[in-house]
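Report on the following structure.
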């Protein structure tokens, strides 16, 4: 029997681009992080269905709070695919009726929410004022992190480095109308003298030396983070005044373990919700290095997905 789906909104990557801007995404994620801190966001660690050819990865979440009452999940495949077919989808349910409100197909939603999480971290952990930004990496995650950074900070200059000259040139081309941006020839050139450093690579080895860092830099790390496979140098951990993550639960649930768990300072990792909700600024007058470890707070894609569906209905 064919079931009518006329009341279920179906969106794709093009719709996400048309309906959602990064400033709105940052605001929605900030609300989600605050909801988590107050106990109004249900956000368990992700679940993996493992197979010999690849995995299905599920993240889920629910918001039960005043005007917002939704639940849902996002699922994506890690099976190698030679095509440009859809490998990700997010499903949103009405929290009161249990009825599916909509489905978002494609990868844009996931990338946007990861960038927005990084934007919230930069907003609350980096120093205010005009700043210079370094970007290690030139992929989608680097792009959304930088867009979110530009949304929350007054960026004077951006330097980008990735090993492939064509990739970094393409990255510069995408941002040339948004900021003063240049490609540089080495990771050292990218890292030195910046106030904010975005690290979004696929490297299994550390991509910079801590000797290159400014004494008051804030770092967002998005890439590999496991004990035997990580983009950050190990000695960075002991140099940070503040380390935060968007999900302590997810950080502790990783297998293999998150590389920070091998250090005594791992117990000092703060939840980003504590930082966002604190009445005392975490940035002191003295120079200090701060680090944000992005692990992907579940439920954030549900909140953004619900907003997309409501916007779609309003413009229909």
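Residue numbers (the numbering used here): 721 to 1036.
Think of the CB as a built atom: it goes at the ideal place given N, C-alpha and C, for glycine as much as any other residue.
Report the three-state DSSP secondary structure of residue i (helix, strand or coil).
i, result
"residue 869", "helix"
"residue 744", "helix"
"residue 819", "coil"
"residue 858", "coil"
"residue 726", "coil"
"residue 674", "Because the chain here runs from 721 to 1036, residue 674 falls outside it and cannot be looked at."
"residue 792", "strand"
"residue 809", "strand"
"residue 863", "helix"
"residue 848", "coil"
Which one of the options has the shortest CA to CA distance from residue i?
i, options, result
"residue 789", "815, 997, 893", "815"
"residue 853", "915, 882, 886, 804", "915"
"residue 784", "1036, 1029, 1022", "1022"
"residue 758", "998, 1025, 1035", "998"
"residue 883", "921, 860, 842, 817", "921"
"residue 931", "898, 948, 909", "909"
"residue 747", "819, 929, 798, 843", "843"
"residue 1027", "898, 826, 739, 936", "739"
"residue 988", "1013, 769, 858, 912", "1013"
"residue 869", "840, 974, 897", "840"
"residue 795", "889, 902, 928, 778", "778"
Terminal residues of the continuous alpha helix (DSSP H) containing residue i?
i, result
"residue 886", "885-895"
"residue 834", "828-845"
"residue 911", "907-911"
How about residue i and residue j: do their beta carbons lie closer than 8 Å?
i, j, result
"residue 995", "residue 845", "yes"
"residue 856", "residue 918", "yes"
"residue 761", "residue 1019", "yes"
"residue 880", "residue 900", "no"
"residue 961", "residue 1010", "yes"
"residue 753", "residue 1017", "yes"
"residue 830", "residue 731", "no"
"residue 729", "residue 945", "no"
"residue 812", "residue 993", "no"
What residue range does the beta strand (DSSP E) around residue i cover?
i, result
"residue 1036", "That residue, residue 1036, is in no beta strand (DSSP E); it is neither H nor E in DSSP."
"residue 933", "Neither: residue 933 is in no beta strand (DSSP E) and is coded neither H nor E."
"residue 903", "901-903"
"residue 924", "Per DSSP, residue 924 belongs to no beta strand (DSSP E) and is neither H nor E."
"residue 878", "875-881"
Please go through the segment 955-1028 and give each complete beta strand (DSSP E) segment of 3 or more residues, from N-terminal end onward. 960-965, 1009-1013
Give, in chain order, every unbroken run of the alpha helix (DSSP H) that is at least 4 residues long and sits entirely within the segment 729-782. 733-739, 742-757
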